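Just so you know, full-length UniProt numbering puts 178 at position 178 of the sequence shown, and the rest follows in order with no gaps.
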Amino acid sequence: MMDPDHELFVTVVDEGGLAAAGRRLHISPAMMSKRLARLEERLGARLLHRTTRRLALTPAGERLHADLRGILAALDDAERRVSGTSAVASGPLRITAPTSFGRMHVAPYLHRFIDAHPKVELSVDLSDDYADLIESRADLAIRITADPGSGLIARRLATNRRILCAAPAYLARHGTPATIADLKSHRLLAAEGQMPWRLVGPKRPVLVEGRSHVRTNSSELVRELTLAGGGIALRSLWDISTALERGEVRQILPDHEGSADVGLFAVQLPQPNPPLAITAFVDFLVTLYVPTPPWERAGLL
1 MMDPDHELFV
11 TVVDEGGLAA
21 AGRRLHISPA
31 MMSKRLARLE
41 ERLGARLLHR
51 TTRRLALTPA
61 GERLHADLRG
71 ILAALDDAER
81 RVSGTSAVAS
91 GPLRITAPTS
101 FGRMHVAPYL
111 HRFIDAHPKV
121 ELSVDLSDDY
131 ADLIESRADL
141 AIRITADPGS
151 GLIARRLATN
161 RRILCAAPAY
171 LARHGTPATI
181 ADLKSHRLLA
191 AEGQMPWRLV
201 GPKRPVLVEG
211 RSHVRTNSSE
221 LVRELTLAGG
231 GIALRSLWDI
241 STALERGEVR
251 QILPDHEGSA
261 DVGLFAVQLP
271 QPNPPLAITA
281 FVDFLVTLYV
291 PTPPWERAGL
301 L
């Protein structure tokens with residue numbers, strides 16, 4: 001049996017924060033903090049950096065998390081062997097994901113899952129339409145949302161950080177806004193349903209109202225317009241991290257970001273004994289995005 005404080009630490013990292021982990025474990029935030037502090041004192045090492053926006057692992061925390069996840073996996077395998085339960089993921093598995101995210105951050109890694117689980121018959125649907133798990137007959141949905149859905153099993157994988165950004169060419173022509181109020185005189189770009197922008201500032205939430213300079217139902221078109229110098233957009237970091245790294249876009253008004261309520265989730269229907277293929281795919285997503293997703297590892301912001 002694993003040390004309860006070790007299990008608590010793993011849960012905090014996997015859930016992306018104290019509040020979410022507390023809800024899962026039915027422990028108050030105050031007790032969560034107390035037990036984490038006790039574990040850090042016992043180990044003589046700081047495991048987590050706690051900020052208002054996110055939770056980050058220290059190098060010691062990263063090592064401990066990786067070791068503990070390996071121990072948990074070994075314990076699970078041992079129980080399956082003793083109980084006679086098959087530990088081989090197999091059978092059909094249907095996944096849905098948003099188009100751009102699936103293309104950029106799921107597809108490049110799928111070969112790893114296929115190689116590790118050759119008996120799984122994988123189907124992947126990419127669509128920006130909301131996927132009802134029952135109607136679409138999907139086993140698992142990757143959702144970017146503030147509300148993954150009631151009555152579902154949702155595993156938070158990452159916070160969807162969104163920043164205000166524009167191409168250097170646009171800023172050279174129109175200037176760089178110094179305040180939120182300055183946005184009123186700039187070209188704003190957003191797909192249908194994406195405005196107003198709800199931002200979190202250093203003092204209070206801010207609502208940016210207005211209309212997109214170009215009307216479109218395509219978020220990918222907004223991205224391309226932004227890269228081409230067409231205006232200012234609020235974009236997910238997973239969507240423009242490479243462009244940031246290359247200098248194709250610049251962050252503006254860095255003290256303001258999109259609401260931190262929006263997250264990346266793996267969502268499934270509740271069932272007493274989910275197929276091992278579903279569990280294996282969720283674990284695969286965790287290895288990709290937890291504790292730090294690849295689009296945040298470059299340390300661009």
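Think of the CB as a built atom: it goes at the ideal place given N, C-alpha and C, for glycine as much as any other residue.
Given the structure is predicted, the values throughout are model-derived calculations rather than measurements.
Identify the residues that DSSP records as bridge partners of Q268: which are they? I153
Measure the beta-carbon distance from L227 to A167 and round it to whole angstroms, keeping in mind my assumption that it falls under 8 Å. 6 Å
Could you name the residues that DSSP lists as bridge partners for R46? Its beta-bridge partners do not exist; DSSP assigns none.
How far does the alpha helix (DSSP H) with G102 in it extend, from its first residue to its last? 99-105
Within the same chain, show all residues whose beta-carbon is closer than 8 Å to that of R211, passing over the 5 residues directly before and after it, in chain order. Taken in chain order, the residues that qualify are L188, M195.
Under the three-state DSSP convention, the category D5 falls into: helix
Can you give me the start and stop residues for the alpha helix (DSSP H) that T279 sits inside? If you look at T279, you'll find it in the alpha helix (DSSP H) that goes 276-289.
Please confirm if the segment 224-244 is in contact with the segment 108-128, defined as three or more CB-CB distances below 8 Å between the two stretches. With the cut-off at 8 Å, the segment 224-244 and the segment 108-128 do not touch.
Which first and last residues belong to the beta strand (DSSP E) in which W197 is found? That run of the beta strand (DSSP E) goes 197-200.
Any contact between the segment 141-157 and the segment 260-270? By contact I mean 3 or more CB pairs, one from each, below 8 Å. With the cut-off at 8 Å, the segment 141-157 and the segment 260-270 touch.
Count the other CB atoms within 10 Å of the CB of R249; is the residue buried (16 or more) or exposed (fewer)? It is worth fixing the name first, because residue 249 is Val in this sequence and not Arg. It counts as buried.
Output the distance between the C-alpha atoms of L171 and L72, rounded to the nearest integer angstrom. 50 Å
A74 - DSSP class collapsed to helix/strand/coil: In this structure, A74 counts as helix in the three-state DSSP scheme.
Taking 8 Å as the threshold (C-beta atoms), are L48 and T58 in contact? yes
So H256 and L164 are in contact, right, with Cβ under 8 Å, and what is the actual spacing, rounded? Yes, they are in contact, since the Cβ atoms of H256 and L164 sit about 7 Å apart, within 8 Å.
Quick one: what's got a C-beta closer than 8 Å to V290's C-beta in the same chain, skipping five residues either side? If the five residues before and after V290 are omitted, its C-beta is found closer than 8 Å to the C-beta atoms of V13, D14, G16, L157, A158, all from its own chain and listed in chain order.
When burial is assigned at 16 or more other CB atoms within 10 Å of the CB, is V267 buried or exposed? Around the C-beta of V267, 16 or more other C-beta atoms lie within 10 Å, and the residue is accordingly described as buried.
Backbone secondary structure at T176 - three-state DSSP: Correct three-state label for T176: coil.
Would you call the CB atoms of P177 and L253 closer than 8 Å? yes
Going by alpha carbons, who is nearest to A191 out of I95, W295, A280, N217? N217
In three-state DSSP terms, what is P168? helix
Please work out which residues of its chain come closer than 7 Å, Cβ to Cβ, to E40, disregarding the five sequence neighbours upstream and downstream, and give them in chain order. R46, L47
Residue closest to A169, alpha-carbon to alpha-carbon, out of P274, L221, I232: I232
Pull the bridge partners of T96 from the DSSP assignment, please. D125, A141
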